[in-house]
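Asker: Shown below is the structure under consideration.
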Amino acid sequence: MEIPLYNPNTMPEMLKKIEEEWKQQRVNTTSEISKSLYQLKGFISELDQSLLISVMDENGVITDVNTLFSEVSGCSRSQIIGTYHHFLKSDYHPGSFFEKMWDTIKKGHVWEGEIKNHHKEGGTYWLQTSIFPFFNEGGNVYRSIAVMKDVTEEKQQEAKKLESVQDDFYEILNHMDSLVFKVRQYEETFVYSFFAGKLKRRFSVKPEKLYGKTAFEIFLEDDAHILESYYREAFSGKNCSFEINLFHTYFYISLSPIYQNGRVKEIVGTAIDIDEKKQTEQQVHHMTYHTVLTGLPNRQKLLDDLTCHIKKGEPFQLIMIDLDQFKQINDSSGHKVGDDVLKQAAQRLQRKQLPVYHLGADEFALITFQPNDVVDSLFEAFKEPFISEEIAYYVTISVGVSHYPVHGKSSLELLKNVDTALYTAKEKGRNLCCVYEDQMNEHITEKIYMTNNIRKALSNDEFELYYQPQVCLKTNKIVGVEALIRWNHPEEGIISPGKFIPIAESSGLIIPIGEMVLEKALTQLQLWREQGYSQLRMSVNIAAEHFNQSHFANTVQTMLENAQVPAKQLELELTENSLLQNTGLTTNTLHTLHRMGVHLSIDDFGIGYSSLSYLRHFPLTTLKIDKSFMNHINEKEKDRALISSIIHLAGSLGMRVIAEGVETKGTFQFLQQEKCDEMQGFYFSKPMPAADIEKLLKIHYF
181 MEIPLYNPNT MPEMLKKIEE EWKQQRVNTT SEISKSLYQL KGFISELDQS
231 LLISVMDENG VITDVNTLFS EVSGCSRSQI IGTYHHFLKS DYHPGSFFEK
281 MWDTIKKGHV WEGEIKNHHK EGGTYWLQTS IFPFFNEGGN VYRSIAVMKD
331 VTEEKQQEAK KLESVQDDFY EILNHMDSLV FKVRQYEETF VYSFFAGKLK
381 RRFSVKPEKL YGKTAFEIFL EDDAHILESY YREAFSGKNC SFEINLFHTY
431 FYISLSPIYQ NGRVKEIVGT AIDIDEKKQT EQQVHHMTYH TVLTGLPNRQ
481 KLLDDLTCHI KKGEPFQLIM IDLDQFKQIN DSSGHKVGDD VLKQAAQRLQ
531 RKQLPVYHLG ADEFALITFQ PNDVVDSLFE AFKEPFISEE IAYYVTISVG
581 VSHYPVHGKS SLELLKNVDT ALYTAKEKGR NLCCVYEDQM NEHITEKIYM
631 TNNIRKALSN DEFELYYQPQ VCLKTNKIVG VEALIRWNHP EEGIISPGKF
681 IPIAESSGLI IPIGEMVLEK ALTQLQLWRE QGYSQLRMSV NIAAEHFNQS
731 HFANTVQTML ENAQVPAKQL ELELTENSLL QNTGLTTNTL HTLHRMGVHL
781 SIDDFGIGYS SLSYLRHFPL TTLKIDKSFM NHINEKEKDR ALISSIIHLA
831 GSLGMRVIAE GVETKGTFQF LQQEKCDEMQ GFYFSKPMPA ADIEKLLKIH
881 YF
């Protein structure tokens with residue numbers, strides 16, 4: 181607008197024009213502002229509908245969120261405000277991920293990345309996130325705003341595409357005879373992120389369960405240290421290769437670093453089985469002179485070393501040790517704990533800086549040329565408990581001693597006499613030492629001592645029954661129990677059946693013991709039937725000696741009638757030795773029992789002669805696979821093949837199969853896969869008194 185020079189005559193008119201023009205500009209400006217505010221409001225609305233926004237204070241506490249944030253997270257604004265942002269986090273990211281994120285923000289930098297959060301109602305979602313710090317007048321971060329986009333669908337599509345590619349890749353790798361794996365590093369920790377190849381079957385757990393595990397969670401500690409030392413070298417940028425023994429198999433492993441942005445992101449490794457080569461070199465020699473479990477020299481090595489010492493002519497002392505409570509630990513807690521105790525015992529003995537030998541089971545031996553205080557130090561070494569699976573096991577020792585040349589001039593004579601001294605120590609109550617004397621006669625003393633105690637036990641009702649469930653592998657329900665005898669000696673406590681049963685068999689006392697067990701088991705079964713467990717099956721072990729009695733079938737019939745138990749609910753377990761005797765009386769008795777409806781089972785199948793002829797000639801209904809096959813089922817292909825063959829053989833003969841000694845989930849799943857009928861073992865339950873079995877029946881009875 182042009183402003184004329186000052187003229188009093190035209191001034192009012194000019195002011196009037198200025199006023200009118202100003203009013204018009206004001207109207208236009210107001211309209212533009214309103215239009216801009218409307219557009220801004222629309223922009224904010226669009227932003228609120230497409231992006232998640234949260235405001236946090238300097239401590240990471242959420243002070244405000246928009247509507248979409250609440251909708252995606254599944255939480256209301258009142259549930260979110262006042263909480264820390266990490267309350268929504270899933271377990272996907274390690275703690276270091278968030279530490280680095282907040283460190284970046286506190287330093288005043290914008291942080292960008294993807295975060296996987298936990299939804300309130302379950303499940304997870306992905307957010308593409310940018311976090312902007314805001315500064316106060318002092319230059320410190322006092323607030324941050326997170327702007328997030330829900331990219332869950334994109335991540336799912338990406339995962340599907342990746343999965344498709346990976347499936348093809350995995351299929352190729354899984355047909356390779358080697359093993360391919362990847363390792364990632366989080367600070368000082370190395371974890372496995374990938375496993376493929378046929379060799380992955382060597383591991384005792386499924387490959388997917390190894391992901392995210394460290395070497396220390398999978399391998400022995402010494403092996404884990406070796407592996408991590410090579411991983412550390414590979415992450416420094418070096419290619420490296422080495423040989424190592426893992427799970428009793430030798431591998432040749434090669435490691436190569438994978439770079440990203442100039443830094444080693446992860447390492448890829450390949451493992452080749454070189455076991456045959458290494459076994460050819462080492463196995464024959466080592467297995468000849470060492471025990472597998474403890475790695476200590478064995479009985480053969482002891483005999484060789486004794487011969488060498490005798491040739492030198494120097495006097496020495498031979499000490500033999502037996503763990504007193506070991507059998508009880510093995511029976512009550514399982515072989516894994518028993519093996520752990522043996523290993524720890526071996527370690528304690530090795531600290532004596534003397535030649536130590538593992539003779540088998542729970543027997544050890546030492547040689548010393550300076551006998552003073554050695555025996556006392558052995559008792560001292562076993563005062564502390566053995567810790568296995570966080571449980572303390574107190575174990576005492578019995579010790580036998582023989583001297584060269586006083587107690588023998590040959591290695592065999594010395595070993596025989598020290599064995600006699602050891603068993604004398606056990607007969608006298610255990611936890612003591614006996615030096616060999618000529619009048620000792622272990623065999624006669626043991627037999628007389630144990631025979632007399634068995635007679636007293638029968639009179640005093642010291643024997644009791646424990647029961648171990650037999651579980652259907654299809655339904656995971658209890659369908660039967662096996663009655664197992666336990667001797668609760670008033671002075672010695674629990675005595676293992678392995679100790680007194682052989683003496684009972686040789687002395688003839690196995691007959692009254694067997695009848696006592698059968699009677700108690702049937703009485704208990706009838707009590708359970710009255711409680712509603714009407715189809716429960718009772719299995720009872722029967723010794724071969726019973727079949728030499730012509731009236732045995734009648735005895736069983738009478739006991740069934742007295743207990744009011746149907747014959748079909750009784751299963752008698754026989755040893756292979758019982759069948760191999762194959763007398764006419766045995767054959768007639770078995771057929772009579774079968775006609776009565778009693779089930780007949782062959783116990784511990786596979787460890788004896790396992791003659792297929794008796795499967796055809798005798799009326800057997802069940803095969804029980806011996807527990808020794810279960811110990812290495814995840815490691816030995818032959819054991820798996822044998823078990824599979826037994827199951828299929830029994831099935832073709834119309835026989836039921838029960839697997840004994842099942843202690844691991846892997847064994848359990850293998851048996852299910854092979855369509856084994858039933859199992860029993862520590863994986864489901866150890867043997868226990870009737871009262872405890874009733875608790876299980878309330879939950880697991882079919």
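Heads up: the sequence shown begins at 181 in our numbering, then just goes up one per residue. Glycine included, each C-beta is placed from N, C-alpha and C at the ideal position.
Determine the contact status of residue 293 and residue 309, defining contact as a CB-CB distance below 8 Å.
Answerer: Working through the sequence shown from its first residue, we reach residue 293 at position 113. Working through the sequence shown from its first residue, we reach residue 309 at position 129. Cβ distance < 8 Å, so residue 293 and residue 309 count as in contact.
Asker: First and last residue of the alpha helix (DSSP H) that includes residue 696?
Answerer: On the sequence shown, residue 696 is found 516 positions in, with the first residue counted as 1. 690 to 710 is the span of the alpha helix (DSSP H), which, as asked, contains residue 696.
Asker: Any idea what DSSP makes of residue 779, helix, strand or coil?
Answerer: Position 599 of the sequence shown, counted from the start, is the residue given in the question as residue 779. In the structure shown, residue 779 sits in a strand (DSSP, three-state: E or B).
Asker: At which residues does the alpha helix (DSSP H) containing residue 615 begin and terminate?
Answerer: If you number the sequence shown from 1, residue 615 lands on position 435. Segment 613 to 615 is the beta strand (DSSP E) holding residue 615; no alpha helix (DSSP H) there.
Asker: So what's residue 341 in DSSP terms, helix, strand or just coil?
Answerer: Numbered from 1 along the sequence shown, position 161 holds the residue referred to as residue 341. Residue 341 falls in the helix class under three-state DSSP.
Asker: Is the beta carbon of residue 575 sitting closer than 8 Å to the one on residue 504?
Answerer: For this step, residue 575 is matched to residue 395 along the sequence shown. For this step, residue 504 is matched to residue 324 along the sequence shown. It is a contact, given that the beta carbons lie within the stated cut-off.
Asker: Run through DSSP, which three-state label would residue 221 get?
Answerer: By 1-based counting over the sequence shown, the position of residue 221 is 41. Residue confidence for residue 221 is low, a pLDDT of 47 falling below 50, so the modelled location carries little weight and cannot support an answer.
Asker: Classify residue 609 as buried or exposed, calling it buried when 16 or more other Cβ atoms lie within 10 Å of its own Cβ.
Answerer: In the sequence shown, the residue the question calls residue 609 occupies position 429. Residue 609 is exposed by the Cβ-count criterion.
Asker: Where does residue 532 fall in DSSP's three states?
Answerer: As a working mapping, residue 532 is identified with position 352 in the sequence shown. Note: residue 532 maps to coil in three-state DSSP.
Asker: List, from N- to C-terminal side, the beta strand (DSSP E) runs of 3 residues or more that fit wholly inside the region 433 to 508.
Answerer: Entirely contained in the region 433 to 508, the beta strand (DSSP E) runs reaching 3 residues are, in chain order, 443 to 453 and 496 to 503.
Asker: Taking the alpha carbon of residue 712 as the reference point, which residue from 277, 813, 878 and 494 has its own alpha carbon closest?
Answerer: For this step, residue 712 is matched to residue 532 along the sequence shown. Comparing Cα positions, the closest option is 878.
Asker: Take residue 856 as the anchor and find which of 843, 847 and 838 has the nearest alpha-carbon.
Answerer: As a working note, residue 856 is residue 676 in the sequence shown. Of the listed residues, the one whose Cα sits closest to residue 856 is 838.
Asker: If you check the beta carbons only, do residue 276 and residue 367 fall under 8 Å apart?
Answerer: Walking along the sequence shown from the start, residue 276 turns up at place 96. Walking along the sequence shown from the start, residue 367 turns up at place 187. Yes, Cβ-Cβ distance for residue 276 and residue 367 is below 8 Å.
Asker: What does DSSP give as the partner residue(s) for residue 549 in the beta ladder?
Answerer: Along the sequence shown, one-based indexing puts residue 549 at 369. Paired residue(s): none; residue 549 is not in a bridge.
Asker: Output the boundary residues of the beta strand (DSSP E) element that contains residue 322.
Answerer: For this step, residue 322 is matched to residue 142 along the sequence shown. Run containing residue 322: 321 to 330, per the beta strand (DSSP E) assignment.
Asker: Under three-state DSSP, which class holds residue 581?
Answerer: In the sequence shown, residue 581 corresponds to position 401, counting from 1. Three-state DSSP puts residue 581 in a strand.
Asker: Of the residues 365, 754 and 777, which one's Cα is nearest the Cα of residue 410?
Answerer: Within the sequence shown, the letter at position 230 stands for residue 410. Cα-wise, what sits closest to residue 410 is 365.
Asker: Taking C-alpha atoms, which residue in 657, 312 and 257 lies nearest to residue 283?
Answerer: To locate residue 283, count along the sequence shown from 1; it is residue 103. Ranking 657, 312 and 257 by Cα distance to residue 283 puts 312 first.
Asker: Tell me, to the nearest whole angstrom, how far the beta carbon of residue 508 is from that of residue 676; I am working on the premise that it is less than 8 Å.
Answerer: Within the sequence shown, the letter at position 328 stands for residue 508. Within the sequence shown, the letter at position 496 stands for residue 676. Indeed, because the Cβ distance is near 7 Å, the residues count as touching under 8 Å.
Asker: Could you compute how far the alpha carbon of residue 476 sits from the alpha carbon of residue 536?
Answerer: Taking the sequence shown and counting its residues from 1, the one referred to as residue 476 is at position 296. Taking the sequence shown and counting its residues from 1, the one referred to as residue 536 is at position 356. Straight-line Cα distance between these residues: approximately 7 Å.
Asker: What first and last residue would you give for the beta strand (DSSP E) that runs through residue 718?
Answerer: Here residue 718 corresponds to residue number 538 of the sequence shown, with the count starting at 1. Here the beta strand (DSSP E) through residue 718 covers 717 to 721.
Asker: Buried or exposed for residue 182, going by 16 or more other Cβ atoms inside 10 Å?
Answerer: Indexing the sequence shown from 1 puts residue 182 at position 2. Residue placement at residue 182 cannot be trusted, given a pLDDT of 46 that sits under 50; what the coordinates show is reported in the next sentence. Burial call: exposed.
Asker: Alpha carbon to alpha carbon, how far is residue 868 from residue 880? Give it in angstroms, no decimals.
Answerer: On the sequence shown, residue 880 is found 700 positions in, with the first residue counted as 1. On the sequence shown, residue 868 is found 688 positions in, with the first residue counted as 1. Distance between the alpha carbons of residue 880 and residue 868 is about 15 Å.
Asker: I need the straight-line Cα distance from residue 518 to residue 547, nearest angstrom please.
Answerer: For this step, residue 518 is matched to residue 338 along the sequence shown. For this step, residue 547 is matched to residue 367 along the sequence shown. Each residue's Cα considered, the two are about 25 Å apart.
Asker: Let me know the secondary structure DSSP gives residue 802 once reduced to three states.
Answerer: For the purposes of this step, residue 802 is taken as residue 622 along the sequence shown, with counting starting at 1. Residue state, collapsed to three classes: strand.
Asker: Enumerate, from N- to C-terminal direction, the unbroken beta strand (DSSP E) stretches of 3 or more residues contained entirely within the region 223 to 267.
Answerer: 232 to 237 and 242 to 245, all fully within the region 223 to 267.
Asker: Just tell me which of 680, 414 and 561 has its CA closest to the CA of residue 530.
Answerer: Numbered from 1 along the sequence shown, position 350 holds the residue referred to as residue 530. Residue 561 is the option with its Cα nearest to residue 530.
Asker: Buried or exposed, going by whether 16 or more other CB atoms sit within 10 Å of the CB of residue 862?
Answerer: Taking the sequence shown and counting its residues from 1, one reaches residue 862 at position 682. When all chains shown are included, residue 862 counts as buried.
Asker: Could you name the residues of the same chain whose beta carbon sits closer than 6 Å to that of residue 413, not counting the 5 residues immediately before and after it, in chain order?
Answerer: The residue labelled residue 413 in the question sits at position 233 within the sequence shown. Once the five neighbours on either side are set aside, the close Cβ partners of residue 413 are 420.
Asker: Would you decide whether residue 649 is buried or exposed? Buried here means 16 or more other CB atoms lie within 10 Å of its CB.
Answerer: Stepping through the sequence shown from its first residue, residue 649 is reached at position 469. Residue 649 is buried by the Cβ-count criterion.
Asker: What are the start and end residues of the alpha helix (DSSP H) that includes residue 313?
Answerer: Within the sequence shown, residue 313 is the residue found at index 133, counting from 1. Run containing residue 313: none in the alpha helix (DSSP H); it sits in the beta strand (DSSP E), 304 to 315.
Asker: Express the C-alpha separation of residue 853 and residue 545 in angstroms, rounding to a whole number.
Answerer: By 1-based counting over the sequence shown, the position of residue 545 is 365. By 1-based counting over the sequence shown, the position of residue 853 is 673. If I take the Cα positions, the gap works out to 44 Å.
Asker: When the Cα atoms are used, what is the spatial distance from residue 866 to residue 882?
Answerer: Translated into positions along the sequence shown, residue 866 becomes position 686. Translated into positions along the sequence shown, residue 882 becomes position 702. Rounded to the nearest angstrom, the two C-alpha atoms are 19 Å apart.
Asker: Can you name the start and end residues of the beta strand (DSSP E) that residue 600 belongs to?
Answerer: In the sequence shown, the residue the question calls residue 600 occupies position 420. Unbroken run through residue 600 is the alpha helix (DSSP H), 591 to 607; no beta strand (DSSP E).
Asker: Which first and last residues belong to the beta strand (DSSP E) in which residue 573 is found?
Answerer: Taking the sequence shown and counting its residues from 1, one reaches residue 573 at position 393. That run of the beta strand (DSSP E) goes 571 to 573.
Asker: Could you give the C-beta distance for residue 233 and residue 295, rounded to a whole number, given that I count them as a contact under 8 Å?
Answerer: Taking the first residue of the sequence shown as 1, we reach residue 233 at position 53. Taking the first residue of the sequence shown as 1, we reach residue 295 at position 115. 14 Å between Cβ atoms; not a contact.
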